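Colleague: Before we start, here is the structure in question, set down as structure tokens.
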Amino acid sequence: MRDGDAALVARDEALPALADVLDAGRLRRVLAARRVEIGYLRYKPATSAVAGIRVDGRAAQAVAYPVGVHGKLARLATETGDDLLLLDDARGLAVVAAPGDRALPGIRTALARHPRAETLVYKPGRRWVGRCVECGVIAKAHAASRAARALRGHDAVAAFLPTAPITHRGVDGLVEYRLLPGTALLHLASGAVAVEAARATGAVLARLHASPAPDGAPSVAGEPIAAGAGDVLPGLSTRMARLSAETATLLAGRAVTAPAHGDFSADQVIVGAGGVHVIDLDRAGVGDPMADLGSWTADEIARGIPRSAAGTALREGYEAAGGRIDGTALIAHTAAALLRRSVEPFRQRAVDWPSRCAALADEAEAFLALARVRRDDALPGRGRADADTSVVAHRPGRRAVIRTSDGYVKLVRPSRFAGVADRAERVSGLRSLEAPTVLERDDDTATLRLSGVGDRTLLDAGPALPMPVVREVWRRVGRGLAELHDLDPAGLPRHGADDELAAIRRAVDPAVAAGLLDTARVAAALAAAEDGLRAAPGPLGVLHRDLHDKQLLLPAGRVTAAGVAAGRERVGVIDVDTMAVGERALDIANLLVHLDLRVAQGLLDTGRAGEAGQALRDGVGEGPVWGRVPAYAAATRLRLAGVYAVRDGWRGVAEAMLAAVADG
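Under full-length UniProt numbering, the first residue of the sequence shown carries the number 1, and numbering increases by one thereafter.
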């Protein structure tokens, strides 16, 4: 069985044969076959599971129904005759050879016309695709209603595309196409050839979208955005519903329609001596042209293909041929296509289907984050968030950071841009830590393009680092912090006790109002924190003001203590927007308390946190600053108590941090 199958079987007691349909080994044993492969699966909890399978190379379907309900197995046995390979009434299991599929009579006709046809795709009750090289045809058998739709779709757009012509239309749902010589763009080995073919495909797609919409053409509106994912992973149901609703809202205002492919991807493009041909027009019709581009991108992601040069070339060819890309619509349609594909790892029986289904939901959420940035009218540079970028951080109405192929772009409000740019340029010369270099400054759109300074945060990398590396990294952080504190403070705002207390209240007030933190204990902790902050101040310096283990980065790959010590493997520091002049103890305390926080969260062990804290102290060095660290540590704990009280799953951590201050 695959990962996750056992939990599915345990939940669905209404289908005793579900375990058989999910497991090729079990089917092989009950069929006494040499080999069984499961190709595609449809599942409705407590209702049915239907798999397209191969039994010793022969296409068939395996079905599981509730025992004794609706008489479906009995009808199946009566109607399929010699095509019935197995019937087990006691378990509600049947296996039927593909020609016995009552919903697809075209399979029998196709095999009679082309006895040597090879089955390429079999989705029981939906579609069968075969290839006969001798006859030079691709044969498709559709369910009756789907056959009519497929023909209407093909006829609606075939005149606008280089495609495979239909050579036969059967009354039984069978449609045959001429077999085109060439290779699917998806499988081209040469990067240069693939890129040029993708660029040519973009031009073909642009011409399709610029063509007049035929009268009576079907709509290319797809299936429900996240249909089926919650059936196999109930834990994803709420999240999928939220993502689907947000995607639908983004697309609700789109009224742009054109002839469209409807299921566009690199495997639908054949590259041969005659150029590129677009095939499989079964879902073609009239719809939003950005859905085709979004489908291509989503298919690459679902296949695990990195954001490819072919995808970029496709869009370049599209625009060069006059196609207009609406970035927000493209992002929204990509999210929708990812959500529609979210159940496919299960249906296609991927070994790790639960994690892959969840990963597609993560990808969809990442695209929706891009859409939120693009809709943030307070950020004039929001157009820099496109399908080839990803959102690192976004505070609506204030700022966003997006990751690009060669670094990062920071977007801010115009009123804050001068200060943000000044801070970014101010830290570019740090020696102990590596701050991003400003590669481009655009005052008109309030954007900064910044170099990358690492790939993994200390939060992510820390638990796996060897202890000598932990010590050397945190020692360098301490030295870098001391260097930062010594920067020229001219022009920076002051951050004093009143400002820190205001930041604490902004964090804890929502938690108190929501009843997540005890009012009396918060009041006691606030009083204690205020007493500490208003005592005689310690040494001043230039503060980061929000420095913790997610603002410190390491390079990808192996990091060594010697490499860090020699400066060959740099420790990066990011997000200096909040720089100000204040007590140096604030940054030190923030780092130390975050180490304690990670231990409380179970993300870091106490020994590693202790070594990191001591190395930080060694790097900073001795001095009067340490006398003020306890006061700022109490303030940080109280602020983080408010921050984490409102986050799901961290209520206990928040209360412990509050207790550490309130109880002295």
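C-beta: ideal position from N, C-alpha, C; glycine also. Since this is a predicted model, take the numbers as computed values, not measurements.
(1) Please say whether ARG29 and ASP20 have beta carbons closer to each other than 7 Å?
(2) As a quick exercise: from PRO124, GLY285 and ARG341, pick the residue whose alpha carbon is nearest that of ALA158.
(3) Can you find the residues in the same chain that come closer than 6 Å, C-beta to C-beta, to VAL95, ignoring five residues on each side of it along the sequence?
(4) Per DSSP, what kind of secondary structure is GLY572 in: helix, strand or coil?
(5) Got a sec? Which residues, its chain only, sit under 6 Å from GLY364 by beta carbon, not counting five neighbours each side?
(6) Taking the alpha helix (DSSP H) that LEU314 falls in, what are its first and last residues?
(7) For the region 123 to 150, which segments carrying the beta strand (DSSP E) assignment without a break, of at least 3 residues, lie completely within its bounds, in sequence order?
(8) From which residue to which residue does the alpha helix (DSSP H) around ARG475 run?
(9) Could you tell me the distance, in whole angstroms, from the CA atom of ILE402 to the CA atom of ALA97?
(10) At 4 residues or longer, what runs of the alpha helix (DSSP H) sit wholly inside the region 422 to 474?
(11) What does GLN61 pair with, by DSSP beta-bridge criteria?
(12) In angstroms, rounded to a whole number, what distance separates the CA positions of SER190 and GLU13?
(13) Tell me whether SER265 is buried or exposed, calling it buried when 16 or more other Cβ atoms sit within 10 Å of its Cβ.
(14) Contact between the region 571 to 581 and the region 489 to 502: three or more CB pairs below 8 Å?
(15) Once you ignore the five residues that flank VAL559 on each side, which residues in its own chain have a CB closer than 6 Å to its CB?
(16) Over the uninterrupted alpha helix (DSSP H) stretch that includes GLY619, give me the two end residues.
(17) Judging by CA-CA distance, which residue of TRP626, ALA198 and ILE270 is the nearest neighbour of ALA320?
(18) Return the first residue and the last residue of the beta strand (DSSP E) that ILE225 is part of.
(19) Count the other C-beta atoms from every protein chain shown that fall within 10 angstroms of the C-beta of VAL351, then say buried if there are 16 or more, exposed otherwise.
(20) I need the straight-line Cα distance from GLY538 to ALA361, nearest angstrom please.
(21) So, helix, strand or coil for HIS277, using DSSP?
(22) Between the C-alpha atoms of ARG116 and HIS187, what's the straight-line distance to the nearest angstrom?
(23) In this structure, does DSSP put LYS44 in helix, strand or coil?
(24) Mark PRO466 as exposed unless 16 or more other C-beta atoms lie within 10 angstroms of its C-beta, in which case mark it buried.
(25) From the DSSP output, in three-state form, read off ARG494 for me.
(26) Going by other Cβ atoms of all chains shown within 10 Å of its Cβ, with 16 needed for buried, is LYS44 buried or exposed?
(27) According to DSSP, is ARG521 helix, strand or coil?
Modeller: Reading it off the structure:
(1) Translated into the one-based positions of the sequence shown, residue 20 becomes position 20. Translated into the one-based positions of the sequence shown, residue 29 becomes position 29. No; because the gap between Cβ atoms is not below 7 Å, this pair is not in contact.
(2) Walking along the sequence shown from the start, residue 158 turns up at place 158. Answer by Cα proximity: GLY285.
(3) The sequence position of residue 95 within the sequence shown is 95, counting from 1. If we look at VAL95 and ignore the five residues flanking it on each side, its Cβ neighbours are ALA60, ALA62, LEU85 and LEU86.
(4) Mapped onto the sequence shown, residue 572 falls at position 572. In the structure shown, GLY572 sits in a strand (DSSP, three-state: E or B).
(5) Looking up residue 364 in the sequence shown gives position 364. Checking the sequence, you will find Ala at residue 364 rather than Gly. If we look at ALA364 and ignore the five residues flanking it on each side, its Cβ neighbours are LEU243, ALA335, LEU338 and LEU339.
(6) Position 314 of the sequence shown, counted from the start, is the residue given in the question as residue 314. Here the alpha helix (DSSP H) through LEU314 covers 309 to 320.
(7) 127 to 132 and 137 to 142
(8) By one-based count along the sequence shown, residue 475 stands at place 475. First-last of the alpha helix (DSSP H) with ARG475: 467 to 485.
(9) The residue you call residue 402 lines up with position 402 of the sequence shown. The residue you call residue 97 lines up with position 97 of the sequence shown. Approximately 52 Å between the Cα atoms of the pair.
(10) 458 to 461
(11) Looking up residue 61 in the sequence shown gives position 61. DSSP, once it has assigned bridges, lists GLY52 and VAL96 as partnering GLN61.
(12) Within the sequence shown, the letter at position 190 stands for residue 190. Within the sequence shown, the letter at position 13 stands for residue 13. So the alpha carbons of these two residues sit roughly 50 Å apart.
(13) What you label residue 265 is simply residue 265 of the sequence shown in a count that begins at 1. Its Cβ being crowded by 16 or more others within 10 Å, SER265 is buried.
(14) yes
(15) Start at 1 with the first residue of the sequence shown, and residue 559 comes out as number 559. So the list reads VAL469 and GLU569, once near-sequence residues are dropped.
(16) As a working note, residue 619 is residue 619 in the sequence shown. Run containing GLY619: 606 to 620, per the alpha helix (DSSP H) assignment.
(17) Here residue 320 refers to the residue found at position 320 when the sequence shown is read from its first residue. If we check each option's Cα against that of ALA320, ALA198 comes out closest.
(18) For this step, residue 225 is matched to residue 225 along the sequence shown. Where ILE225 is concerned, there is no enclosing beta strand (DSSP E), given that its DSSP letter is neither H nor E.
(19) On the sequence shown, position 351 is the one that residue 351 refers to. Flag for VAL351 reads exposed.
(20) Taking the sequence shown and counting its residues from 1, the one referred to as residue 538 is at position 538. Taking the sequence shown and counting its residues from 1, the one referred to as residue 361 is at position 361. Looking at the two C-alpha atoms, the distance is approximately 48 Å.
(21) For this step, residue 277 is matched to residue 277 along the sequence shown. Here HIS277 sits in strand by DSSP.
(22) Against the sequence shown, residue 116 aligns to sequence position 116. Against the sequence shown, residue 187 aligns to sequence position 187. In a straight line, the C-alpha of ARG116 is about 25 Å away from that of HIS187.
(23) Translated into positions along the sequence shown, residue 44 becomes position 44. In this structure, LYS44 counts as strand in the three-state DSSP scheme.
(24) On the sequence shown, residue 466 is found 466 positions in, with the first residue counted as 1. The residue is exposed, with fewer than 16 neighbouring Cβ atoms inside 10 Å.
(25) Your numbering for residue 494 matches position 494 in the sequence shown. In this structure, ARG494 counts as strand in the three-state DSSP scheme.
(26) Here residue 44 refers to the residue found at position 44 of the sequence shown. With fewer than 16 other Cβ atoms within 10 Å, it is exposed.
(27) Taking the first residue of the sequence shown as position 1, residue 521 is located at position 521. Residue state, collapsed to three classes: helix.
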